[in-house]
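Just so we're aligned, residue 15 is where the sequence shown starts under our numbering, counting upward by one.
All C-beta atoms in this analysis are idealised placements derived from N, C-alpha and C, irrespective of residue type, glycine included.
Structure record follows, encoded as structure tokens.
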Amino acid sequence: MAGLIPFQRIKRTGKREAAESLSAPFFRLAQMETAGGLLLIGATVAALIWANSSGGDGYEKLWHKTYLDLTLGEWGMHLSLGHWINDLLMAVFFLFVGLEIKREIISGELRSMKKAAVPICAAIGGMIVPAAIYTAMNLSGDGSAGWGIPMATDIAFALGVLAMLGPGIPKTLMVFLMSLAIVDDLGALLVIAVFYTDDLAFGMLGYAGLVVLGLVGLNLLGFRRIWLYLAVGLVLWYFVYKSGVHSTIAGVVLALTIPERKRVHWKSYAGYVRGALDHFEQEAKDTDNEEGDLTGTQQGVVRAIEIASIEVETPLRRLETILVPWTAFLIVPVFALSNAGVRVAGGDAGLGELASGSVFWGVALGLVIGKVIGVFGATWLAVKLGIGTLPDKVTWRHVFGASWLAGIGFTMALFIANLAFKGEEAALMLSQAKIAILGASAVAGVVGVLVLAKSRPAGAS
Numbered sequence: 015m016a017g018l019i020p021f022q023r024i025k026r027t028g029k030r031e032a033a034e035s036l037s038a039p040f041f042r043l044a045q046m047e048t049a050g051g052l053l054l055i056g057a058t059v060a061a062l063i064w065a066n067s068s069g070g071d072g073y074e075k076l077w078h079k080t081y082l083d084l085t086l087g088e089w090g091m092h093l094s095l096g097h098w099i100n101d102l103l104m105a106v107f108f109l110f111v112g113l114e115i116k117r118e119i120i121s122g123e124l125r126s127m128k129k130a131a132v133p134i135c136a137a138i139g140g141m142i143v144p145a146a147i148y149t150a151m152n153l154s155g156d157g158s159a160g161w162g163i164p165m166a167t168d169i170a171f172a173l174g175v176l177a178m179l180g181p182g183i184p185k186t187l188m189v190f191l192m193s194l195a196i197v198d199d200l201g202a203l204l205v206i207a208v209f210y211t212d213d214l215a216f217g218m219l220g221y222a223g224l225v226v227l228g229l230v231g232l233n234l235l236g237f238r239r240i241w242l243y244l245a246v247g248l249v250l251w252y253f254v255y256k257s258g259v260h261s262t263i264a265g266v267v268l269a270l271t272i273p274e275r276k277r278v279h280w281k282s283y284a285g286y287v288r289g290a291l292d293h294f295e296q297e298a299k300d301t302d303n304e305e306g307d308l309t310g311t312q313q314g315v316v317r318a319i320e321i322a323s324i325e326v327e328t329p330l331r332r333l334e335t336i337l338v339p340w341t342a343f344l345i346v347p348v349f350a351l352s353n354a355g356v357r358v359a360g361g362d363a364g365l366g367e368l369a370s371g372s373v374f375w376g377v378a379l380g381l382v383i384g385k386v387i388g389v390f391g392a393t394w395l396a397v398k399l400g401i402g403t404l405p406d407k408v409t410w411r412h413v414f415g416a417s418w419l420a421g422i423g424f425t426m427a428l429f430i431a432n433l434a435f436k437g438e439e440a441a442l443m444l445s446q447a448k449i450a451i452l453g454a455s456a457v458a459g460v461v462g463v464l465v466l467a468k469s470r471p472a473g474a475s
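Here's what the structure looks like:
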């Protein structure tokens, strides 16, 4: 996940306002790499407490029995609040995931096949082995549909846990884990699109294809306004939803059409801004402006720098930056709050029954054991076969710890579980899968931290 470079706060005139003083701690928390993970954990704990409290019926009623209707003439959609979250809000999350995948392939670590070979192999191993373990334990019956659940790695959660370990962890390990998780996300998206799709409505699918062609046309013609792509993307989401393909795939398709071409070179931008700032300062001297109020000319310079700053950044990177706080601090926590509330006390099934089913053990062992064997084993095999090498300063102990962190399935695993087990008849299996995801993700995260906390960079004494 692209981070922001911290700058020293600009010196301000006058005293700090009360609102600034009150909000400052929250903004400092939001700038921490681990803040999104902490909020996600909080939302999960809150969902579990809420669902198992005396207000548990209210939890179910709010998310799954409260409907929100949107109508426009003869057009209308009638979905529960939970469905709006899982179908529309998560489409925005998948848009963000798609932007990350596209950026990494075009200009990131996945651009170089030599650098990408090892994490790609690790990701493939980390998908195949968990799916195989699950399938072996659920060869027949309705539970067989959940084979895609333990394949997933929660990129934000895994990187957040890694960031908690501080500067002692090589940055190259974070890049390795991020590349692995992005390839894993790409695999999960393909699984969702191909294997978790309902009966297709080919007419709506055709309309969706026409909208995609329109988006590609906007890109080729040089349109760079983000709002235009998002507006057309909303139409795409509707047609994809009606087609039977899961609507979140619309977010990924939209991401692939967002322009990634530069319009202004950074050297031109740097020279332009320096000249503009000189003009800004000269205006202050010419007008003897000591009060700090901007003149009309200075306001024009500020606006010109603002426009130039937009032009030097690609629409893809700009949209990705815009979506970071929305996904980390709203969409993913709300998704966890509405989906992680499994009743283990006072429900139709107790914790013992939930933890005794083949679905539970298939997911749990797939994430905890399958991910470690798959990621570590595939990495070892790729290095031994000469396909690639370990990143600089990364040891095999680091890879082992990262393999455990890859077992944090969480967001994507919960999402696939909702697709695999639909309807009242699958409610027990869905609860088993959710409990397994939460428990296995917690175990994987704790063990990964314990392994990596005692690791040292390669070559360190």
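Using beta-carbon positions only, say whether residue i and residue j come within less than 9 angstroms of one another.
i: lysine 420; j: valine 386; result: Here the sequence assigns alanine to residue 420, which means lysine is not the residue at that position. In this structure, valine 386 lies closer than 9 angstroms to alanine 420 by Cβ.
i: valine 278; j: alanine 322; result: yes
i: threonine 393; j: glycine 139; result: yes
i: tryptophan 77; j: glycine 51; result: no
i: alanine 269; j: glycine 384; result: no
i: arginine 357; j: asparagine 152; result: no
i: alanine 137; j: isoleucine 430; result: no
i: aspartate 156; j: glutamate 439; result: yes
i: glycine 90; j: aspartate 83; result: yes
i: isoleucine 115; j: leucine 219; result: no
i: serine 261; j: alanine 159; result: no
i: phenylalanine 424; j: leucine 452; result: yes
i: alanine 222; j: glycine 247; result: no
i: arginine 117; j: arginine 331; result: yes
i: valine 249; j: valine 266; result: no
i: isoleucine 422; j: threonine 167; result: yes
i: alanine 456; j: alanine 57; result: no
i: glycine 182; j: leucine 54; result: no
i: valine 254; j: tyrosine 283; result: no
Select from the options the residue whose C-alpha is nearest the C-alpha of residue i.
i: valine 463; options: Phe237, Thr149 and Ala177; result: Ala177
i: proline 339; options: Val287, Val208, Leu232 and Ala170; result: Ala170
i: leucine 381; options: Met188, Leu179, Ala454 and Met127; result: Ala454
i: leucine 368; options: Lys75, Ala396 and Leu442; result: Leu442
i: cysteine 135; options: Ser417, Leu444 and Met426; result: Ser417
i: threonine 341; options: Gly310, Ile99 and Met127; result: Ile99
i: serine 94; options: Gly87, Leu103, Thr85 and Lys79; result: Lys79
i: valine 205; options: Ile142, Val254, Val230 and Lys448; result: Ile142
i: leucine 444; options: Val208, Ile163, Val316 and Gly180; result: Ile163
i: tyrosine 243; options: Val254, Leu229 and Tyr252; result: Leu229
i: phenylalanine 190; options: Pro181, Ile120 and Ala172; result: Ala172
i: isoleucine 147; options: Trp375, Glu325, Ile319 and Glu320; result: Trp375
Mapping DSSP to helix, strand and coil, what is residue i?
i: histidine 92; result: strand
i: aspartate 300; result: helix
i: tyrosine 81; result: strand
i: alanine 467; result: helix
i: leucine 200; result: helix
i: leucine 235; result: coil
i: leucine 337; result: helix
i: leucine 86; result: strand
i: isoleucine 119; result: helix
i: valine 208; result: helix
i: alanine 136; result: helix
i: arginine 332; result: helix
i: valine 189; result: helix
i: valine 143; result: helix
i: alanine 456; result: helix
i: aspartate 213; result: coil
i: histidine 260; result: coil
i: aspartate 307; result: coil
i: lysine 276; result: coil
i: serine 68; result: coil
i: alanine 269; result: helix
i: glycine 388; result: helix
i: isoleucine 345; result: helix
i: leucine 113; result: helix
Residues in its own chain within less than 7 angstroms of residue i by CB, not counting five upstream and five downstream?
i: threonine 186; result: Pro405, Asp406, Lys407 and Val408
i: phenylalanine 414; result: Phe390 and Val465
i: serine 370; result: none
i: arginine 317; result: none
Tell me which same chain residues have a C-beta within less than 6 angstroms of the C-beta of residue i, skipping the five on either side of it?
i: phenylalanine 145; result: For the sequence presented, residue 145 should be read as alanine rather than phenylalanine. The answer, listed in chain order, is Trp161 and Met165.
i: isoleucine 449; result: Val356 and Leu368
i: proline 133; result: Phe190, Ser193 and Leu194
Let me check you understand the geometry: is the CB of residue i closer than 8 angstroms to at least one non-hydrogen atom of the ligand ATP?
i: leucine 442; result: Inclusion of the ligand ATP in the displayed structure is not the case, the ligand content being empty and no account of it being possible.
Beta-carbon within less than 8 angstroms of residue i's beta-carbon, same chain only, minus the 5 sequence neighbours each way: which residues are those?
i: tyrosine 81; result: His92, Leu93, Ser94 and Leu95
i: threonine 301; result: Thr309
With a threshold of 9 angstroms between beta-carbons, can residue i be considered close to chain C, or not?
i: alanine 177; result: Of the protein chains in the structure, only one exists, and it is not chain C.
Next item on the list: Count the C-beta pairs between the segment 285 to 303 and the segment 336 to 352 that are closer than 8 angstroms, then say yes if the count reaches three, no if not.
Entry: Too few Cβ pairs lie closer than 8 angstroms, so no.
Item checked: Cβ contact (3+ pairs, closer than 8 angstroms) linking the segment 235 to 243 and the segment 190 to 200 -> With contact defined as three or more Cβ pairs closer than 8 angstroms, the segment 235 to 243 and the segment 190 to 200 are not in contact.
Check: Does the count of Cβ pairs from the segment 247 to 263 and the segment 208 to 216 closer than 8 angstroms reach three?
Finding: Contact holds: three or more Cβ-Cβ distances are below 8 angstroms.
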